[in-house]
Amino acid sequence: DPGGSAVRFDPLHLHEVLLNLLNNAVRYASRQPASIRIFPARDAAGRRELHVQDDGPGITPEVRDHLFEPFYTTSSKGTGLGLYLARELCLNNDAKLDYEYRFDPSALGPRKASGRFVITFALE
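Each step along the sequence shown adds one to the number in UniProt numbering, with nothing skipped, and position 1 is 1.
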């Protein structure tokens, strides 16, 4: 980020949040080059953000409604705790974790709409 200052977030907590988001991305991405992207941004209020996105099918609105609830999962291999705990760790660090829909004209295949997870850090 050109602004260049650090964010306030426990490093171990951030590691766990990113590990969870990236594990999910690996599970659903196409595995093509650049199918998973992590990049910094700023929101309209100037808060630093970290975006984690993949070129997978995205999340339906029905799933989105329950995405961060404990024990909610769409996978037979999941516990339903990963995104819940990731959001809790963000909240404990005065940050926010959310999922936003986006349109990607460069996406492969017929699906041009997908989504990304966004960590919004507290203002310093």
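C-beta atoms are modelled at their ideal positions from N, C-alpha and C, and glycine is treated no differently.
Taking the Cα of residue 52 as reference, the smallest distance to any Cα among 123, 122, 102 and 124 is reached at 102.
Counting only unbroken stretches of 4 or more residues, the alpha helix (DSSP H) elements lying wholly within the segment 16 to 65 are 61 to 64, in sequence order. Here DSSP, grouped into helix, strand and coil, assigns residue 116 to strand. Beta-carbon to beta-carbon, residue 64 and residue 28 are separated by about 14 Å, too far to satisfy the 8 Å threshold. Each of 97, 49 and 26 was checked against the Cα of residue 35, and the nearest Cα belongs to 26. In the same chain as residue 48, and ignoring 5 residues on each side of it, the C-beta atoms closer than 7 Å to its own belong to 1, 7, 40, 42 and 121, in chain order. When DSSP reads this structure, residue 98 sits in a beta bridge with 118.
23 is the residue among 60, 23 and 115 whose C-alpha sits nearest the C-alpha of residue 78. Judged by DSSP in its simplified three-state form, residue 86 adopts helix. Within 10 angstroms of the beta-carbon of residue 55 lie 16 or more other beta-carbons, which makes it buried.
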